[in-house]
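Here the structure comes first, spelled out in structure tokens, and everything after it is commentary.
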Amino acid sequence: MKLLKALTTSIISIGYMLATSPVNAREWSPQAVINGVYEGIQHIHGYRATPRLVWNVRLGNRSACGRVYGSHYCKLNHTVYITNRDIRMAYQHGDAALAYIVAHEYAHAMQTIHGFTPKATPITELQADCLAGVYLGLIPNITLDNRDIHEIATFAYRIGDYAWGHEHHHGTPKQRVQSVIIGMKGSINGKNIEACRI
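Position 172 of the sequence shown, counted from 1, bears residue number 174 in the working numbering, the numbering being contiguous throughout.
Below you can see the structure in the form of structure tokens.
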């Protein structure tokens, strides 16, 4: 119930509390966050169809899907790429924001593998946000506290956009927060990934 209350508090306060806080001594290192989330999600999926993970990637580097301009899942080589820019941006909010990025990109891998992918980009992205919320709620080796949930919600809000009709539109700030929260609630009420089915 504490998690549910924290989720509700985060969604209510999201419009008012977008100020970032500095990283403190309680924060995990990027490597610890990435390894912890990655291992936790693999555990959830029974270590099946695990994508490769490459992190701290510089912008402009090449992947099998072309130049890297942001964190993404590349289905051509079944690899999740996490950029150094996105790691830095996440830590403006805290370590849980990075956990959300990793979970979101891993979700894209699972969407592809399991044929769970809608055709429209905003829907695909919002579904990945929802799945990330489920993962973050279920990961057995990481426990989120109220601060972590706030970090995830403010980061999701920050990366939302209003580029209606653009091929890379990921959803509005409010839609992104709502999607990740639906996923987190799904991890609590037993719906799990079914909470994200479209």
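We put the beta carbon where it would ideally sit given N, CA and C, even for glycine.
Could you give the DSSP three-state label for residue i: helix, strand or coil?
i       : result
Gly-68  : strand
Arg-178 : helix
Arg-54  : strand
Ile-183 : helix
Gln-94  : coil
Ser-189 : helix
Arg-199 : coil
Asp-147 : coil
Asn-63  : coil
Pro-142 : coil
Glu-29  : coil
Asp-131 : helix
Ala-155 : helix
His-110 : helix
Glu-41  : helix
Ala-122 : coil
Asp-163 : coil
Ser-23  : Residue placement at Ser-23 is flagged as unreliable, the pLDDT there being 43, under the threshold of 50; a coordinate-derived value is accordingly withheld.
Asn-194 : helix
Tyr-49  : coil
With the cut-off set at 8 angstroms, would you say residue i and residue j are in Cβ contact?
i       : j       : result
Val-35  : Leu-140 : no
Pro-142 : Gly-42  : yes
Tyr-137 : Ile-46  : yes
Cys-132 : Cys-67  : no
Thr-85  : Gly-72  : yes
Glu-1   : Ala-109 : With the chain running from 3 to 200 in the structure shown, residue 1 is simply not present.
His-172 : Gly-162 : yes
Would you please state the rounded distance, in angstroms, between the beta carbons of residue i and residue j? I believe it to be under 8 angstroms.
i       : j       : result
Val-59  : Val-104 : About 13 angstroms separates the two Cβ atoms, so there is no contact after all.
Val-182 : Tyr-102 : 7 angstroms
Ala-111 : Tyr-75  : 5 angstroms
Taking the alpha carbon of residue i as the point to measure from, which residue in the options has its own alpha carbon closest?
i       : options                            : result
Thr-123 : Gly-162, His-170, Lys-176          : His-170
Arg-160 : Ala-92, Asn-191, Ala-109, Gly-192  : Ala-92
Gly-96  : Gly-72, Glu-196, Ala-158, Pro-175  : Ala-158
Arg-50  : Arg-64, His-116, Val-56            : His-116
Arg-54  : Arg-87, Ile-151, Val-82            : Val-82
His-106 : Gly-173, Ile-125, Gln-129, Ile-144 : Gln-129
Leu-61  : Asn-191, Asp-88, Asn-79            : Asp-88
Glu-127 : Leu-146, Ile-151, Thr-145, Pro-175 : Pro-175
Leu-78  : Thr-114, Ile-184, Ala-165          : Thr-114
Glu-29  : Arg-149, Ile-190, Asn-191          : Arg-149
Gln-94  : Ile-144, Val-70, Leu-146, Thr-156  : Thr-156
With DSSP as the reference, identify every bridge partner of residue i, one or two as the case may be.
i      : result
Val-82 : Leu-55, Tyr-75
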